[in-house]
Amino acid sequence: MGIEVFILIIGLVVLGSLAAIFFFNLKHQKKIAWLKSEFQNKEKATENQRFELVKKATVWEERFNSLKSEADVLKSELQKFREENTHLVVRLE
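In the numbering used here, the protein residues as written are 13 to 105.
Below, the structure written as structure tokens:
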């Protein structure tokens, strides 16, 4: 009867160990799934931010190009006025 109790205790210890391993495995799988979900959410948010920044950069680039073309037109007009003023000064002298 002593050996039967010993085998029963060993069986209970093994069964308890397997239950503990299963419990910790399940707990870690849930944590890994949660971390993966968090990572995907952060990655999606980062991708959305990048997309918004690219859109803003495109808008600013278009604004810069339009202002640059306007500045070029104003520079050419200013150059014409300078030439006209130079001709007028030459005529006055």
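Just so it is clear, CB atoms sit at the ideal spot from N, CA and C, and this is done for glycine as well. Quick caveat: nothing in here was measured; it's all calculated off a predicted structure.
Query raised in the report: Which of the three DSSP states, helix, strand or coil, is assigned to E105?
Result: For the purposes of this step, residue 105 is identified with residue 93 of the sequence shown, where counting begins at 1. In this structure, E105 counts as coil in the three-state DSSP scheme.
Requested in this report: State the Cα-Cα distance for the pair R103 and A83, rounded to the nearest angstrom.
Outcome: To locate residue 103, count along the sequence shown from 1; it is residue 91. To locate residue 83, count along the sequence shown from 1; it is residue 71. So the alpha carbons of these two residues sit roughly 30 Å apart.
Requested in this report: State the Cα-Cα distance for the pair Q41 and L79, rounded to the nearest angstrom.
Outcome: In the sequence shown, the residue the question calls residue 41 occupies position 29. In the sequence shown, the residue the question calls residue 79 occupies position 67. Distance between the alpha carbons of Q41 and L79: 56 Å.
Query raised in the report: Tell me which same chain residues have a C-beta within less than 7 Å of the C-beta of I44, skipping the five on either side of it?
Result: Within the sequence shown, numbered from 1, the residue matching residue 44 stands at position 32. Once the five neighbours on either side are set aside, I44 has no close Cβ partner at all.
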